[in-house]
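Trainee:
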Amino acid sequence: MWERTNQIPVEEEIRKKRWKWIEHTLRKAPNCVTRQALTWNLQGQRKRGRPKNTLRREMEMNMRKMNMNWIELEKKAQDRVDWRMLGVTGVRLQLISLMLTYVHPVRIASI
Numbered sequence: 093m094w095e096r097t098n099q100i101p102v103e104e105e106i107r108k109k110r111w112k113w114i115e116h117t118l119r120k121a122p123n124c125v126t127r128q129a130l131t132w133n134l135q136g137q138r139k140r141g142r143p144k145n146t147l148r149r150e151m152e153m154n155m156r157k158m159n160m161n162w163i164e165l166e167k168k169a170q171d172r173v174d175w176r177m178l179g180v181t182g183v184r185l186q187l188i189s190l191m192l193t194y195v196h197p198v199r200i201a202s203i
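The following block contains the structure:
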C-alpha cells in the first residue's frame, strides 16, 4: 500500500526524526541540558505497573539489538557519515521487527 501512494509509514518517519535528534543531542557539549536529560538516570521508587516507554528506553532497546552502548553511540555521533550508516541500520532493524509483528507466520516461513 505504501508503494502505491509513494509514502513511507509514519512509524519509519518518526524513527528517522528520532535518530536525527539523538545525533544532534549527542554531538552537543556534555554540560548541555538536553544531553544531560537524555543520559540522566532517575533515582528513587517508581509507580506501580509497567514503566512508561520513554525515548531512553526505546534507544536502549535499539542499542541492544545493535550490540552497542551509550559510549559507542556517542563516538559514532561525532562522525556524521558513520552515524548515518548506523541510523540507516537502526531504522531498518526496527522496521524489520515491526513488519515481522504484522506479517502472518505462514508468510514468514515461505520467505
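So for the sequence shown, the working numbering puts the first residue at 93; every next one is plus one.
Positions of the beta carbon are idealized from the N, C-alpha and C atoms, including for glycine.
As the structure is a prediction and not an experimental result, all values here were calculated from the model.
Tell me, to the nearest whole angstrom, how far the beta carbon of residue 175 is from that of residue 115; I am working on the premise that it is less than 8 Å.
Mentor: In the sequence shown, counting from the first residue as 1, residue 175 sits at position 83. In the sequence shown, counting from the first residue as 1, residue 115 sits at position 23. At roughly 5 Å, the Cβ-Cβ gap stays under 8 Å, so residue 175 and residue 115 are in contact.
Trainee: Can you have a look at residue 154 and say buried or exposed, based on whether 16 or more other CB atoms are within 10 angstroms of its CB?
Mentor: Here residue 154 refers to the residue found at position 62 when the sequence shown is read from its first residue. So residue 154 counts as buried.
Trainee: What are the boundary residues of the alpha helix (DSSP H) that residue 163 is part of?
Mentor: Against the sequence shown, residue 163 aligns to sequence position 71. Element bounds for residue 163: 162-170.
Trainee: Taking DSSP as the reference, what is the three-state secondary structure of residue 97?
Mentor: What you label residue 97 is simply residue 5 of the sequence shown in a count that begins at 1. Helix, per DSSP.
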